[in-house]
Amino acid sequence: MTKSTNYIRIVGSSFLLPGNQCWSKFSKFGKYLFGEYGNFTNHIVKSKKNETLILVLSISDLISKINFSNSNTNLIFQGLVSQLRKRLNNSQKLTILALETFLDFSVVSMSKYRPKINLEISKLKKVFYQLSLKYSNFFIVDLDYEFSKHGFYNCLDQRNWYFAHCRYSLQGLNLISNSLKDILHRYYNTASKVLVLDCDNTLWGGVVGEEGLSGISLGEDGIGQAYSDFQTSIKRLSNEGVIIALSSKNNEQDVWNVFNKNTNMVLKKKDIINAKINWEEKFINIKKISKELSLGLNSFVFWDDNPIERQKVMINCPDVDVIDVPKNVYEWPNYLNRLYNFSKFYITEEDYKKKDQYKARSKFVSDQNKNRSNLNFLKKIKIRPKLLKLNKSNIKRASQLTMKTNQFNFRTKRYSETDIINTEKNKKKIIYLLHLKDIYADYGNIGMVIIELMDNNTAFLDTFLMSCRILGRNVEKWFISEIVKFCKNKKIKNIYIELIISCRNQVAKNFLNDSIFSEIKSFDFNGKLIKNKINKKKIFKIDVSKFSFNNKKMYE
Amino acid sequence: MSSKNDMIKNIFCKFFKTKNIKNFDKLKMGQVKGWDSLGNLNFLLKLEEKFKIRFSIEQMSELKSIQGIKKVLIKK
Numbered sequence: 004m005t006k007s008t009n010y011i012r013i014v015g016s017s018f019l020l021p022g023n024q025c026w027s028k029f030s031k032f033g034k035y036l037f038g039e040y041g042n043f044t045n046h047i048v049k050s051k052k053n054e055t056l057i058l059v060l061s062i063s064d065l066i067s068k069i070n071f072s073n074s075n076t077n078l079i080f081q082g083l084v085s086q087l088r089k090r091l092n093n094s095q096k097l098t099i100l101a102l103e104t105f106l107d108f109s110v111v112s113m114s115k116y117r118p119k120i121n122l123e124i125s126k127l128k129k130v131f132y133q134l135s136l137k138y139s140n141f142f143i144v145d146l147d148y149e150f151s152k153h154g155f156y157n158c159l160d161q162r163n164w165y166f167a168h169c170r171y172s173l174q175g176l177n178l179i180s181n182s183l184k185d186i187l188h189r190y191y192n193t194a195s196k197v198l199v200l201d202c203d204n205t206l207w208g209g210v211v212g213e214e215g216l217s218g219i220s221l222g223e224d225g226i227g228q229a230y231s232d233f234q235t236s237i238k239r240l241s242n243e244g245v246i247i248a249l250s251s252k253n254n255e256q257d258v259w260n261v262f263n264k265n266t267n268m269v270l271k272k273k274d275i276i277n278a279k280i281n282w283e284e285k286f287i288n289i290k291k292i293s294k295e296l297s298l299g300l301n302s303f304v305f306w307d308d309n310p311i312e313r314q315k316v317m318i319n320c321p322d323v324d325v326i327d328v329p330k331n332v333y334e335w336p337n338y339l340n341r342l343y344n345f346s347k348f349y350i351t352e353e354d355y356k357k358k359d360q361y362k363a364r365s366k367f368v369s370d371q372n373k374n375r376s377n378l379n380f381l382k383k384i385k386i387r388p389k390l391l392k393l394n395k396s397n398i399k400r401a402s403q404l405t406m407k408t409n410q411f412n413f414r415t416k417r418y419s420e421t422d423i424i425n426t427e428k429n430k431k432k433i434i435y436l437l438h439l440k441d442i443y444a445d446y447g448n449i450g451m452v453i454i455e456l457m458d459n460n461t462a463f464l465d466t467f468l469m470s471c472r473i474l475g476r477n478v479e480k481w482f483i484s485e486i487v488k489f490c491k492n493k494k495i496k497n498i499y500i501e502l503i504i505s506c507r508n509q510v511a512k513n514f515l516n517d518s519i520f521s522e523i524k525s526f527d528f529n530g531k532l533i534k535n536k537i538n539k540k541k542i543f544k545i546d547v548s549k550f551s552f553n554n555k556k557m558y559e
Numbered sequence: 142m143s144s145k146n147d148m149i150k151n152i153f154c155k156f157f158k159t160k161n162i163k164n165f166d167k168l169k170m171g172q173v174k175g176w177d178s179l180g181n182l183n184f185l186l187k188l189e190e191k192f193k194i195r196f197s198i199e200q201m202s203e204l205k206s207i208q209g210i211k212k213v214l215i216k217k
């Protein structure tokens, strides 16, 4: 129940200057320590199972300086790969390899004679990438790619090498630590979900209300092309599951005229999941969008060319990530492509479906508001939930649900894929996923429970969560009734639920107001007393024998 | 010149997390917690970054006192 310390071991093939301020940012991910400099491969062997391992490897530290490509080099490469494999087989913890393979030779020798070693290095890189595909907890930071953006000569430092056996300049060390920080941060935190855009001078050049449909700049050559390319980058994000919304001070019809009539528009009206086109303040509109989509403001990113509008959103919606957009529009497409907020390790099947699902959510909310009787409305829309056992095909989604769900999540306990696999091995922990469809959409797997069987009489909900985009259908009640049914079959008498209060799980807290839950002061969790703590946690109990659920037929 | 002096002191205090240093100009490596050879190297790199200068490899090995550092920085 208590959060154990995450240990991070950082090992370099050259000296990494422990104590340098560039590493201090790692403290937010756990306790970090540096492997003693020297014998890089040995450190991989000695790394502990329960430590996150970060390897910073410069290929120059591995190969012979006189004859670059020889059988010895091959042996060293094979030895390294074999040790890495052992580590990955032994440890479920995160392993990150930051790799730099720069060789400083003349263009002439690299054109014919030297490529032999480059071939060896490419083969080695290929093996590393194959390992990263095989092991979900292994990640590669390609320092060649990162350093090339800033220039190798700026990132490597011969003086530091001869003075302290550190191959990198301060700039190089900063780039390494920032790249590693980005990987760690994304491993533990989800990407942003919604991109809110302005229209005039953002999606196109000019003000449509003043210059008219034909007066705006979009497509063709010059700056108009930059706006088109920016829209292409937005469209790519939309296809990958980012929700695109508009917040524009405009006459609504003028904006939709551009969408419908301008043939250079890359974005189409169907790509826009929610639009607030009016003369209200943008921060008010953003709050409304957040409510309608049931997504917290901290999953929002706002992009507007106007610094005053950006400032207002920053002040009034401090959770929204307001992008300090580059001054020149021609820099926008690439800037958006490399924006960290939306970058993810994987794009899952669920991500591809997300756009349609949020559209369905908007339609659901609007239809629900039109119907006087909520119960009759819910009966009409043929809600079909079902529980699924964990299997190979849904492990990734299970982990993603624990990582992404905040609002209807009782303990906000995050599970990596390897954590899920390990939990499943524990016979006392049973994992179910909740799948849902109705007349609006097939939402896929949108909920998850981990039931921990404590003894013959009691069970504890280690995890109980549902994606907020399907709330409002009373499926949460059906879900808990299925959990109770499962426990009843196991002769369980009481189910304990712990609510760890976060700043975002008010929805979960509200659900516990239902009479099926009774708040208790404490319970015995495998010999440890778990107590209520004001403003931090609440404990609830379901008496299985007294539980009833009246509207079950509605979901069949 | 005094602004450069102040800047060195501020960077030093922030870097080694110390306050109220007496006789700052007479300080040498080893007299402040964390100012060992590795701390010294990281501190010199910080000074390079802040003053946009580059020490030679000889200076990197020789500069182990505030007086020595000031001499080089103020000259540059």
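Residue numbers (the working numbering), protein chains in the order written: chain A, 4 to 559; chain B, 142 to 217.
C-beta atoms are modelled at their ideal positions from N, C-alpha and C, and glycine is treated no differently.
At a cut-off of 8 Å between beta carbons, residue 166 of chain A contacts chain B. Here the alpha carbons of residue 365 of chain A and residue 182 of chain A stand approximately 37 Å from one another. Inclusion of residue 37 of chain A and residue 187 of chain A in the CB contact set at 8 Å is not warranted, their separation being larger than that value. Under the DSSP definition of a beta bridge, residue 438 of chain A partners with A:389, A:448. Using a Cβ distance threshold of 8 Å, residue 312 of chain A and residue 285 of chain A count as a contacting pair. Assignment of residue 66 of chain A by DSSP, reduced to helix, strand and coil, places it in the coil class.
Burial of residue 336 of chain A is indicated by the presence of at least 16 other C-beta atoms within 10 angstroms of its C-beta. Neighbourhood of residue 170 of chain A in chain B, by CB distance below 7 Å: empty, with the nearest CB roughly 14 Å away. For residue 83 of chain A, the closest of A:406, A:526, A:44, A:92 by C-alpha to C-alpha distance is A:44.
Counting C-beta pairs with one atom in each stretch, the segment 444 to 453 of chain A and the segment 534 to 544 of chain A have fewer than three that are closer than 8 Å, which means they do not touch.
Under a criterion of Cβ atoms nearer than 8 Å, the residues of chain B adjacent to residue 23 of chain A are, in order, 183, 186. Any Cβ of chain A closer than 8 Å to the Cβ of residue 198 of chain B would place that residue at the interface, and such an atom is present. DSSP places residue 34 of chain A in the uninterrupted beta strand (DSSP E) bounded by 34 to 37. Proximity of chain B to residue 456 of chain A at the Cβ level (cut-off 9 Å) is not reached, the minimal Cβ distance being about 50 Å.
For the segment 14 to 48 of chain A, the set of positions with a beta-carbon nearer than 8 Å to some beta-carbon of chain B reads 20, 21, 22, 23, 24 in chain order. For residue 176 of chain B, there is no enclosing alpha helix (DSSP H), as DSSP marks it with neither H nor E.
The beta-bridge partner set that DSSP reports for residue 483 of chain A is empty. If you check the CB distance, residue 216 of chain A and residue 265 of chain A come in under 8 Å.
Closer than 8 Å to the CB of residue 173 of chain A there is at least one CB belonging to chain B. In the three-state reduction of the DSSP assignment, residue 268 of chain A falls in the coil class, being assigned neither a helical nor a strand state.
In the three-state DSSP reduction, residue 306 of chain A falls in the strand class (E or B). Here the C-alpha atom of residue 489 of chain A lies approximately 19 Å from the C-alpha atom of residue 394 of chain A. For the pair residue 461 of chain A and residue 496 of chain A, the CB atoms are nearer than the 8 Å cut-off. Taking a C-beta distance under 8 Å as the contact criterion, residue 431 of chain A and residue 390 of chain A do not qualify as a contact pair. Contact of residue 180 of chain B with chain A is assigned, a C-beta pair being separated by under 8 Å. Interface with chain A (8 Å Cβ-Cβ cutoff): residue 170 of chain B is excluded. Taken through DSSP and simplified to helix, strand or coil, residue 514 of chain A comes out as helix. Between residue 162 of chain A and chain B, the shortest Cβ-Cβ separation is below 8 Å. The Cβ atoms of residue 19 of chain A and residue 11 of chain A do not sit closer than 8 Å to each other.
Per DSSP, residue 242 of chain A lies in no beta strand (DSSP E) segment; the continuous alpha helix (DSSP H) that holds it begins and ends at 226 to 242.
A distance below 8 Å separates the beta carbons of residue 522 of chain A and residue 543 of chain A.
Your pair residue 134 of chain A and residue 91 of chain A checks out as a contact, with CB atoms roughly 6 Å apart and the cut at 8 Å. In this structure, the beta-carbon distance from residue 79 of chain A to residue 65 of chain A falls below 8 Å. The residue among A:510, A:352, A:318, A:532 with its C-alpha nearest the C-alpha of residue 408 of chain A is A:510.
Think of a sphere of 8 Å around the beta carbon of residue 190 of chain B: the chain A residues whose beta carbon falls inside it are 173, in chain order.
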